[in-house]
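> Quick note, the numbering used here runs 4 ahead of the 1-based positions in the first sequence.
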Amino acid sequence: MRLDRSFFERDAVAVAKDLLGCFFVQNLKSNQIVGRIVETEAYGDATDLASHARFGPTPRSQIMFGPAGVLYVYKIYGIFSLANIVCGKTGEASAALIRAAEIVAGEVIARRNLAQSKFVKLNEQPATGPGKFSLALGIDTGHNGTDLAASPHLYLTRSPAGTEFKIATTTRIGVDYAKDSKDLPWRFYIKDSPFVSKR
DNA sequence: ACATGGATTCGCT
DNA sequence: GCGAATCCATGTT
5 MRLDRSFFER
15 DAVAVAKDLL
25 GCFFVQNLKS
35 NQIVGRIVET
45 EAYGDATDLA
55 SHARFGPTPR
65 SQIMFGPAGV
75 LYVYKIYGIF
85 SLANIVCGKT
95 GEASAALIRA
105 AEIVAGEVIA
115 RRNLAQSKFV
125 KLNEQPATGP
135 GKFSLALGID
145 TGHNGTDLAA
155 SPHLYLTRSP
165 AGTEFKIATT
175 TRIGVDYAKD
185 SKDLPWRFYI
195 KDSPFVSKR
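This is the structure in structure tokens:
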């Protein structure tokens with residue numbers, strides 16, 4: 005059931021697509037929060053001008069060059085933590101960004117987490133965006149480097165057999181600065197899901 | 001040492 | 001459609 009390292013040790017585009025429908029689990033002391041992933045994006049190596057790896061292995065991005073299945077969390081706008089999973093073989097820089105999920109367990113805790121931030125509005129769809137997803141699941145920069153293939157607290161499980169959905173593909177959100185790379189069709193979401201960040 | 005700007009979200013115009 | 005919130009990684013001097 006649990007996604008192992010070989011799942012992540014592939015091309016980030018394939019991983020991002022295959023993550024749709026999978027469950028992201030955060031085990032707490034006596035509870036757990038689970039999100040069904042409905043939206044992802046892929047980020048590549050130095051040739052992807054939207055990727056943090058575009059400057060090579062800097063202190064922040066070097067984790068993207070490391071082993072697959074490791075969580076890469078970084079702070080954006082000084083406000084939100086965005087959750088990525090390192091993809092590809094060691095030495096190859098890439099990652100999949102989790103952009104949105106449907107909270108299927110631990111919603112009370114997820115909402116409590118969201119209420120901590122004065123920059124999110126509480127509504128009926130709590131994890132509809134990458135900043136809100138991380139908040140809801142209780143993921144912050146302290147989780148950077150966590151091995152999702154080994155951690156007892158954070159891991160993913162496979163999309164249940166028989167789950168049917170269509171995948172929509174678009175360009176990535178918020179990367180207009182990325183010149184030629186901004187038009188890469190590397191955003192994926194479950195078609196008709198009410199939990200995606202945008203249509 | 002300094003300047004720049006962002007893989008976001010929300011509220012106001 | 002636009003700007004603010006808020007911090008730190010990165011490039012430049």
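Note that beta-carbon positions come from the ideal geometry of N, C-alpha and C, so glycine has one too.
What runs of the alpha helix (DSSP H), each 4 residues or longer, lie entirely inside the stretch 7-74?
Correct list: 9-12, 16-23.
> Name the DSSP bridge partner or partners of residue 191?
In the first sequence, the residue the question calls residue 191 occupies position 187. Looking at the DSSP assignment, residue 191 forms a beta bridge with 45, 174.
> Buried or exposed: where does residue 63 fall if 16 or more other Cβ atoms within 10 Å of its Cβ makes it buried?
Mapped onto the first sequence, residue 63 falls at position 59. The residue in question, residue 63, is exposed, as its Cβ has fewer than 16 Cβ neighbours within 10 Å.
> Taking contact to mean 3 or more Cβ pairs, one atom from each stretch, closer than 8 Å, check whether the stretch 182-194 and the stretch 31-49 are in contact.
A contact exists between the stretch 182-194 and the stretch 31-49.
> Along the beta strand (DSSP E) that carries residue 103, what are the first and last residues, could you check?
Numbered from its first residue, the first sequence carries residue 103 at position 99. That run of the beta strand (DSSP E) goes 99-109.
> Please check the pair residue 37 and residue 25, which I expect to be a contact at CB under 8 Å, by giving their CB distance rounded to whole angstroms.
Here residue 37 refers to the residue found at position 33 of the first sequence. Here residue 25 refers to the residue found at position 21 of the first sequence. Not really, about 18 Å apart at Cβ, beyond 8 Å.
> Decide if residue 32 is buried, meaning its Cβ has at least 16 other Cβ atoms within 10 Å, or exposed.
Numbered from 1 along the first sequence, position 28 holds the residue referred to as residue 32. Residue 32 comes out exposed.
> Inspect the beta-carbon positions of residue 167 and residue 85 and report whether they are closer than 8 Å.
Position 163 of the first sequence, counted from the start, is the residue given in the question as residue 167. Position 81 of the first sequence, counted from the start, is the residue given in the question as residue 85. The answer is no: Cβ separation not under 8 Å.
> Do residue 105 and residue 131 have their beta-carbon atoms positioned less than 8 Å apart in this structure?
For this step, residue 131 is matched to residue 127 along the first sequence. For this step, residue 105 is matched to residue 101 along the first sequence. It is a contact, given that the beta carbons lie within the stated cut-off.
> When the Cα atoms are used, what is the spatial distance from residue 92 to residue 54?
If you number the first sequence from 1, residue 92 lands on position 88. If you number the first sequence from 1, residue 54 lands on position 50. Their backbone Cα atoms lie some 17 Å apart in a straight line.
> If you run the structure through DSSP and keep just helix, strand and coil, what is residue 182?
Numbered from 1 along the first sequence, position 178 holds the residue referred to as residue 182. In this structure, residue 182 counts as helix in the three-state DSSP scheme.
> Given a cut-off of 8 Å, decide if residue 178 and residue 108 are closer than it, judged by their beta-carbon atoms.
Walking along the first sequence from the start, residue 108 turns up at place 104. Walking along the first sequence from the start, residue 178 turns up at place 174. No, Cβ-Cβ distance for residue 108 and residue 178 is not below 8 Å.
> Thinking C-beta only, is residue 119 closer than 8 Å to residue 90?
Start at 1 with the first residue of the first sequence, and residue 90 comes out as number 86. Start at 1 with the first residue of the first sequence, and residue 119 comes out as number 115. In this structure, residue 119 does not lie closer than 8 Å to residue 90 by Cβ.
> Excluding the 5 residues flanking residue 75 on each side, which residues of the same chain have their C-beta closer than 8 Å to its C-beta?
Here residue 75 corresponds to residue number 71 of the first sequence, with the count starting at 1. Excluding residues within five positions, the ones whose Cβ falls inside 8 Å are 87, 88, 89, 90, 143, 147, 148, 149, 150, 151, 152, 158.
> Please state the DSSP three-state secondary structure of residue 90.
Taking the first residue of the first sequence as 1, we reach residue 90 at position 86. Residue 90 falls in the strand class under three-state DSSP.
> Please go through the same chain and pick out, in chain order, the residues whose beta-carbon is closer than 8 Å to the beta-carbon of residue 8, but skip the five residues on each side of it.
Within the first sequence, residue 8 is the residue found at index 4, counting from 1. Hits under 8 Å: 73, 153.
> Residue 160 lies in the beta strand (DSSP E); which residues open and close that run?
As a working note, residue 160 is residue 156 in the first sequence. From DSSP, the beta strand (DSSP E) with residue 160 extends over 158-161.
> Where does residue 202 fall in DSSP's three states?
Within the first sequence, the letter at position 198 stands for residue 202. Of the three classes helix, strand and coil, the one that applies to residue 202 here is coil, per DSSP.
> In terms of residues, what are the limits of the alpha helix (DSSP H) holding residue 139?
For the purposes of this step, residue 139 is identified with residue 135 of the first sequence, where counting begins at 1. Where residue 139 is concerned, the enclosing alpha helix (DSSP H) stretches over 134-141.
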